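Letter by letter, the sequence shown follows residues 4 to 532 of the working numbering.
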Amino acid sequence: MLDANLTQQLKTYLANLREPVELVASLGDDAKSQQTRELIEQIAVLHDDVSANFDGTDERKPSFVIRRASDATKWVRFAGLPTGHEFTSLVLALLWAGGHPPKVDADLIEQVRALEGDYNFEMYFSLSCHNCPDVVQALTLMALENPRITATLIEGGTFQDEVEERGVMAVPATFLNGESFYNGKMELAEILAKLDSGSGAKAAEKLSAKEPFEVLIVGGGPAGASSAIYTARKGFRTGIAAERFGGQLHDTLGIENLPGTSYTEGPKLAGQLETHVGEYEIDLMNLANAVSLVPAKEKGGMHRIELANGAKLASRSLILSTGARWRNMGVPGEAEYRNKGVAYCPHCDGPLFKGKRIAVVGGGNSGVEAAIDLAKIVGHVTLIEFDTKLRADEVLQAKLRSLDNVEIITSGQTTEITGDGSRVNGLVVKDRNSGDERSIELAGVFVQIGLVPNTEWLKDSGLELSKHGEIVIDEEGRTNLPGVFAAGDVTTVPYKQIVVAMGEGSKAGLSAFDYLIRNEPVEDVAQAA
Numbered sequence: 004m005l006d007a008n009l010t011q012q013l014k015t016y017l018a019n020l021r022e023p024v025e026l027v028a029s030l031g032d033d034a035k036s037q038q039t040r041e042l043i044e045q046i047a048v049l050h051d052d053v054s055a056n057f058d059g060t061d062e063r064k065p066s067f068v069i070r071r072a073s074d075a076t077k078w079v080r081f082a083g084l085p086t087g088h089e090f091t092s093l094v095l096a097l098l099w100a101g102g103h104p105p106k107v108d109a110d111l112i113e114q115v116r117a118l119e120g121d122y123n124f125e126m127y128f129s130l131s132c133h134n135c136p137d138v139v140q141a142l143t144l145m146a147l148e149n150p151r152i153t154a155t156l157i158e159g160g161t162f163q164d165e166v167e168e169r170g171v172m173a174v175p176a177t178f179l180n181g182e183s184f185y186n187g188k189m190e191l192a193e194i195l196a197k198l199d200s201g202s203g204a205k206a207a208e209k210l211s212a213k214e215p216f217e218v219l220i221v222g223g224g225p226a227g228a229s230s231a232i233y234t235a236r237k238g239f240r241t242g243i244a245a246e247r248f249g250g251q252l253h254d255t256l257g258i259e260n261l262p263g264t265s266y267t268e269g270p271k272l273a274g275q276l277e278t279h280v281g282e283y284e285i286d287l288m289n290l291a292n293a294v295s296l297v298p299a300k301e302k303g304g305m306h307r308i309e310l311a312n313g314a315k316l317a318s319r320s321l322i323l324s325t326g327a328r329w330r331n332m333g334v335p336g337e338a339e340y341r342n343k344g345v346a347y348c349p350h351c352d353g354p355l356f357k358g359k360r361i362a363v364v365g366g367g368n369s370g371v372e373a374a375i376d377l378a379k380i381v382g383h384v385t386l387i388e389f390d391t392k393l394r395a396d397e398v399l400q401a402k403l404r405s406l407d408n409v410e411i412i413t414s415g416q417t418t419e420i421t422g423d424g425s426r427v428n429g430l431v432v433k434d435r436n437s438g439d440e441r442s443i444e445l446a447g448v449f450v451q452i453g454l455v456p457n458t459e460w461l462k463d464s465g466l467e468l469s470k471h472g473e474i475v476i477d478e479e480g481r482t483n484l485p486g487v488f489a490a491g492d493v494t495t496v497p498y499k500q501i502v503v504a505m506g507e508g509s510k511a512g513l514s515a516f517d518y519l520i521r522n523e524p525v526e527d528v529a530q531a532a
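Below you can see the structure in the form of structure tokens.
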């Protein structure tokens, strides 16, 4: 199951075990069970503190438990093979079960241990989902730190009947005590916030107690990370308040146009940026969702950012880099069937539609790339483009047209997504030339029609926005508010690209530096309070 490279990596990691770990497998006679046996046997021979047995009796086969030999009440179960994007999750489960300390905020660990009540989590993932590992790892950590928490992590492709029965049409999909808990990516702090009603107030109090920053970056994508690195290197007290550090990188798989890097993947690049940021004295505040901006009354004064949890942060200068999100079609049925056949991440949810008929709405690079990737998995793809022709790069169009299970519709306006009340069963598309409507039977719709800037929270701040909701900036990243700068996809800068966002973030950081050295601080206690 593991090639020589992965085997050597795993052996190196297992050298960090501090106490014995037990693997207990429940297997059947199928091929996946045989592969699971091979994987467990390979792991067990790599370290003397890892033992394996195959007398498990769990009803899900194949599955296996990872637990501490000294405390069988703390365990996590993988149902199916945790390979692909989940190989790292497997490694971490082994290390944490073996006493290796997790690199997680100590306050969060204590919060997990203090949870009262019984929590039985079941979570479905796909091996191609780059958002799933965060949820898998958070639940794994919780199960291994608190004996009243259990986590069963299920590879949906292996248990397709179960996926169908429970109506799972998007991953990550998490159930708690048999009931749906959350669909989508969640980090440990978010899960704890849903379980511990007092956690939000505690987090807000902790954030509000922070000293004012000289530079506060709101948003943690490529633009925000670049800004922070530049201002920190200049010696300024720098903070990043990010709803999700890495931003849309987490939703981007293949990246082939970053100069000097022939290929990488979004989550990997996000991790590298976080590591780079961590090399400086930058206060990274994750899961910080900004809801309002109160600008300084005069140059050199304090700007104030309020967060969704009630926390307030103050800074002499701001760099706004809140990015953008996937645009919704806004047609009947889209909201009703979100995560019930309407999806926005082909890499995450594509495997759940294996062999089925689906549609991709959008003929730009994102839409055409999604159609190409999905055509390898699903039975048939209908690509619908509003314009008279596809807008994707010619090389992508050529690849798409070479596929025999793809239909391309141009001048097509999706007017409705239909369903049976529980899941999508089709859509209605209108020919913009003739006005004729056509109903297409299908199981899923992947929406890829561009981006919307995340600026709703700024509309009453006095900040100038374009007619499209983007922050208006000049050639140096300055906004109409002194001391407030902006960078990346949230701004009027053309070409929403990773490399462009990085450059714009660096520029905004340098502009903030110039502003700070030219304007003396103004005492404004009331404004910053």
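Beta carbons: idealized from backbone N, C-alpha and C, even for Gly.
Predicted, not measured: the structure shown is a model, and the values here were computed from it.
The residues 267, 272, 501, 502, in chain order, have a CB closer than 8 Å to that of residue 261 in the same chain once the five nearest residues on each side in sequence are set aside. Here residue 457 is buried. Its C-beta has 16 or more other C-beta atoms within 10 Å.
A check of alpha carbon separations from residue 66 across 464, 55, 372, 460 identifies 55 as the nearest.
Inter-residue distance for residue 146 and residue 74 is about 12 Å (C-alpha atoms, whole angstroms). One thing to note: residue 137 has its Cβ no nearer than 7 Å to the Cβ of residue 182. Here the region 354-371 makes contact with the region 446-461; the two share three or more CB pairs at distances below 8 Å. Your pair residue 508 and residue 229 checks out as a contact, with CB atoms roughly 3 Å apart and the cut at 8 Å. Fully contained in the region 15-87 are the following beta strand (DSSP E) runs of length 3 or more, in chain order: 24-29, 53-56, 66-71, 74-82. Taking C-beta atoms as the reference points, residue 36 and residue 30 count as a pair closer than 7 Å.
Residue 251 and residue 58 have their C-alpha atoms roughly 43 Å apart. A buried status is given to residue 140, since no fewer than 16 other beta-carbon atoms sit within 10 Å of its beta-carbon. Closest in alpha carbon position to residue 241, among 282, 201, 464, 82, is 282. Pairing residue 347 with residue 450, the inter-Cα distance amounts to about 5 Å.
Cβ contact annotation for residue 392 (same chain, cutoff 8 Å, sequence separation greater than five): 366, 413, in chain order. DSSP places residue 152 in the strand class (E or B) of the three-state scheme.
Here residue 294 is exposed, its C-beta having fewer than 16 other C-beta atoms within 10 Å. For residue 257, DSSP records a beta bridge to 268. Counting every other CB atom within 10 Å of its CB across the protein chains shown gives residue 307 a total of 16 or more, marking it as buried.
The three-state reading of DSSP puts residue 234 in helix, counting H, G and I together. Measuring C-alpha to C-alpha distances from residue 4 to each of 52, 19, 87 identifies 87 as the nearest. Annotated three-state conformation of residue 354 is helix, per DSSP.
Within the region 162-238, the runs of alpha helix (DSSP H) that reach at least 4 residues and sit entirely inside it are, in chain order, 163-168, 191-198, 202-211, 225-236.
By the neighbour-count criterion, in which 16 or more other beta carbons inside 10 Å mark a residue as buried, residue 15 falls on the exposed side. Secondary structure at residue 501: helix, using DSSP grouped into helix, strand and coil. Residues 26, 53, 54, 55 of the same chain have their beta carbon placed closer than 8 Å to that of residue 47, with the five preceding and five following residues left out of the count. The C-alpha of residue 158 is placed about 30 Å away from the C-alpha of residue 223.
As the crow flies, the alpha-carbon of residue 259 is around 31 Å from that of residue 237. Beta-bridge pairing by DSSP links residue 128 to 158. Between the region 148-165 and the region 330-345 there are fewer than three inter-stretch CB-CB distances shorter than 8 Å, so the stretches are not counted as touching. Judged by pairs of C-beta atoms under 8 Å, the region 416-423 touches the region 333-345, as three or more such pairs exist. The count of Cβ pairs closer than 8 Å, one atom from the region 297-313 and one from the region 208-224, reaches three, so the stretches are in contact.
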